[in-house]
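Peer 1: Sharing a structure with you now.
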Amino acid sequence: MPLNNESHTRYAMAKINIGLYVTAKKDDGYHNLETIFYPIPLCDTLQVDPIDDSREYVLETAGYKIEGKSEDNLIVKVYKSLREEFGLPSVNIYLDKHIPMGAGLGGGSSDAAEMMKLLNEMFNIGLSDAEMEERLSNFGADCPFFVKKTPAFATGIGDMLTPIDFSLKGWVLVLIKPKTFVSTREAYSGIKPDKSDIDLREAVQLPVDSWKDMIRNVFETSVFALHPEIAAIKSTLYDMGATYASMSGSGSTVYALFRHKQEGLKRVFNDCFVYQSQLR
2 MPLNNESHTR YAMAKINIGL YVTAKKDDGY HNLETIFYPI PLCDTLQVDP IDDSREYVLE
62 TAGYKIEGKS EDNLIVKVYK SLREEFGLPS VNIYLDKHIP MGAGLGGGSS DAAEMMKLLN
122 EMFNIGLSDA EMEERLSNFG ADCPFFVKKT PAFATGIGDM LTPIDFSLKG WVLVLIKPKT
182 FVSTREAYSG IKPDKSDIDL REAVQLPVDS WKDMIRNVFE TSVFALHPEI AAIKSTLYDM
242 GATYASMSGS GSTVYALFRH KQEGLKRVFN DCFVYQSQLR
């Protein structure tokens, strides 16, 4: 299969959830959600190169340590699925993790989507965005979002995406992730599914100043009760002057939107992952 000569390096963006509501529990045990996925500039770096090797693949990693076997990594699962179907050659995969894991930022899902997009381009497979989104839904509910990486209203289990036209350009985004790990089971422990009391698509079009008392992540109720240190991060961010702050996904990252760059974040949150960027 002929190679595309473009660069074999890609950047897998993270996301935040703006609002998150659990609207129903399905018969299969999954839950229907309503949320808005918004891409942010924090990225992992992914590089893939064909190799002449008897092994299917070689996986090299840097940055955050990835636990578990390499074959359980989503990028490897994506590669193996396409290799089997399209006869891809052996490859060397290099992944530099900058997005914390178990953070509610979608890092693993983004890596998987970027892997499929990169392989699709490198080996001229010819999959459309829609076809990649469909395939990626088998690897994680939020994986399809990272094909286009544009703001989307997500329903179903997070896999049904409707593009939404709004921007946080100019706002300063701050991410704070404590060492605390929040399991999905913990996050759902205090959830009673209910219809959202707002239309998120309309709410995000209102000034960010109005979001504090309107747009909620319902997981905060159960997670904050079990992990008050995460609740304290949100309170501290508001004390520092954040216009809006919320936990992303089921945690444990809390993000905040500020009008101006913040000084001394690493001093205040000295035992946490800290990230700051002006959104463009």
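Just so you know, the sequence shown maps onto residues 2 to 281 in the working numbering. From the three backbone atoms N, C-alpha and C, an ideal C-beta is built for every residue, glycine too.
(1) Rank Leu201, Met215 and Thr181 by C-alpha distance to the C-alpha of Phe274 and give the top, closest one.
(2) Identify the residues that DSSP records as bridge partners of Met248: which are they?
(3) Using CA coordinates, which residue listed in Gly171, Leu174 and Thr151 is at the minimum distance from Thr163?
(4) Taking the runs of the beta strand (DSSP E) that are 3 residues or longer, which of them lie wholly in the region 156 to 225?
(5) Work out the CA separation of Ser55 and His32 for me, nearest whole Å.
(6) How far does the beta strand (DSSP E) with Gly109 in it extend, from its first residue to its last?
(7) State the beta-bridge partners of Met14 as determined by DSSP.
(8) So, helix, strand or coil for Lys149, using DSSP?
(9) Could you tell me the distance, in whole angstroms, from the CA atom of Leu34 to the CA atom of Gly107?
(10) Using three-state DSSP, classify Asp97 as helix, strand or coil.
(11) Whole angstroms is fine: what's the gap from Arg84's alpha carbon to Ile17's?
(12) In angstroms with no decimal places, state the Cα-to-Cα distance between Asn6 and Met133.
Peer 2: Taking the geometry as given:
(1) For this step, residue 274 is matched to residue 273 along the sequence shown. Looking at the Cα atoms, Thr181 is the closest of the given residues.
(2) Locating residue 248 in the sequence shown gives position 247, counting from the first residue. DSSP output for Met248 lists Val255 as bridge partner(s).
(3) Within the sequence shown, numbered from 1, the residue matching residue 163 stands at position 162. When only C-alpha atoms are compared, the closest one is Thr151.
(4) 161 to 164 and 173 to 178
(5) Counted from its first residue, the sequence shown places residue 32 at position 31. Counted from its first residue, the sequence shown places residue 55 at position 54. Roughly 43 angstroms separates the two Cα atoms.
(6) Your numbering for residue 109 matches position 108 in the sequence shown. No beta strand (DSSP E) contains Gly109, which is instead part of the alpha helix (DSSP H) from Gly108 to Met123.
(7) As a first step, residue 14 must be located in the sequence shown, where it is residue number 13. Paired residues: Cys44.
(8) Taking the sequence shown and counting its residues from 1, one reaches residue 149 at position 148. Lys149: helix per DSSP, three-state reduction.
(9) The sequence position of residue 34 within the sequence shown is 33, counting from 1. The sequence position of residue 107 within the sequence shown is 106, counting from 1. Cα to Cα, the separation comes out at about 16 angstroms.
(10) Numbered from 1 along the sequence shown, position 96 holds the residue referred to as residue 97. The answer is strand: DSSP assigns Asp97 an E or B state.
(11) Counting from one through the sequence shown, the residue named residue 84 turns up at place 83. Counting from one through the sequence shown, the residue named residue 17 turns up at place 16. Computed Cα separation, rounded: 31 angstroms.
(12) Here residue 6 refers to the residue found at position 5 when the sequence shown is read from its first residue. Here residue 133 refers to the residue found at position 132 when the sequence shown is read from its first residue. Note that Asn6 scores a pLDDT of 46, beneath 50, so its modelled location is shaky; the value from the coordinates is reported in the next line. One C-alpha to the other measures close to 21 angstroms.
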